[in-house]
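Here numbering that gives the first Met the number 0 is used: the first residue of the sequence shown is 0, the next is one more, and so on. First the structure, in the form of structure tokens, and then the observations on it.
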Amino acid sequence: MFKKMKNLETAFQHVRAFTIAIVVGAFITIGFMAWQNKQESIALQSKVYILSGNTAWSAVAAEKSAYLPMQARGHVRAFHEAFFTLDPDDKVIKQNLTKALYLADGSAKKVYDSLSVSGYYSGIIAGNISQRINVDSVQVDTPNAPYHFRCYATLHLIRATSNVSQSLITEGDLREVSRSDNNLLGFLIEHWVTIENKVLTVSNH
0 MFKKMKNLET
10 AFQHVRAFTI
20 AIVVGAFITI
30 GFMAWQNKQE
40 SIALQSKVYI
50 LSGNTAWSAV
60 AAEKSAYLPM
70 QARGHVRAFH
80 EAFFTLDPDD
90 KVIKQNLTKA
100 LYLADGSAKK
110 VYDSLSVSGY
120 YSGIIAGNIS
130 QRINVDSVQV
140 DTPNAPYHFR
150 CYATLHLIRA
160 TSNVSQSLIT
170 EGDLREVSRS
180 DNNLLGFLIE
190 HWVTIENKVL
200 TVSNH
């Protein structure tokens, strides 16, 4: 009888130890899962997702000083591509120039007004000319605001009978402003001037 009681006590101790092990294991598993979820949440918060069409691109968050030069150059490039990409279509010209003028101050508007008065845009339409720009490089002095920039580019005027290539160098300042749908990078070009615009080559078809 005593032997049976001893066996029962031993079995009870085994069951208790097994139960404690299961409970401790469950707590460890729950704790690990909670820690893992927290780490994943922190990782997600350090990323920005940019939606382009139906595709989401992931961009890792970084210190402002790390991405500021890249964003500043991107803004200058976007402005020049919108301002100088023209086709013999009044709607396309207005659409591109409207986009460009959101990215700059009145100095760009003055250039646009001057070209309009001189008949530049009507000449593009009448002559069936397409204008394209290749931005070769953008230099931005980012340590001190406002950020001074200089843009080196090549303009291509495409006609039915000839192609003209022109060098284009412009400069100005960048001021940080609020981001919006019309100004995704949050800069405004100020004091924009053209310091060189000369013909490089003319090729006839």
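We put the CB at the ideal spot given by N, CA and C, even for glycine.
Distances from the alpha-carbon of asparagine 196 to those of Ser106, His155 and Asn162 put His155 closest.
For the 8 Å CB-CB criterion, glycine 73 and leucine 184 form a contact.
Judged by beta-carbon spacing, valine 134 lies within the 8 Å limit of alanine 152, meaning their Cβ atoms are closer than that value. Per the Cβ contact rule, the segment 138-149 is not in contact with the segment 90-104 (fewer than 3 Cβ pairs under 8 Å). CA-CA distance, glutamate 189 to valine 176, rounds to 12 Å.
Its chain contains Ile168, Thr169 and Glu170 as the residues whose beta carbon lies nearer than 7 Å to that of isoleucine 194, once the 5 sequence neighbours on both sides are disregarded; these appear in chain order. For leucine 96, the enclosing alpha helix (DSSP H) stretches over residues 89-100.
Judged by DSSP secondary structure, aspartate 135 falls within the beta strand (DSSP E) whose first and last residues are 129-140.
Note that the C-beta distance between threonine 84 and glutamine 130 is below 8 Å. Using a Cβ distance threshold of 8 Å, valine 137 and valine 75 count as a contacting pair. Judged by DSSP in its simplified three-state form, glycine 171 adopts strand. Residue environment for leucine 199: exposed (fewer than 16 other C-beta atoms within 10 angstroms of its C-beta). Around the C-beta of tryptophan 191, 16 or more other C-beta atoms lie within 10 Å, and the residue is accordingly described as buried. Looking only at Ala20, Thr141 and Asn182, the smallest Cα-Cα distance to tyrosine 66 is reached by Thr141.
Isoleucine 27 and asparagine 36 have their C-alpha atoms roughly 14 Å apart. Secondary structure of histidine 204 (DSSP, three-state): coil. Isoleucine 92 is a Cβ neighbour of tyrosine 120, given a cutoff of 8 Å. For alanine 144, no alpha helix (DSSP H) run applies, since DSSP gives it neither H nor E. With contacts defined as CB atoms closer than 8 Å, cysteine 150 and histidine 79 qualify as a contacting pair. The C-alpha of leucine 173 is placed about 16 Å away from the C-alpha of asparagine 181.
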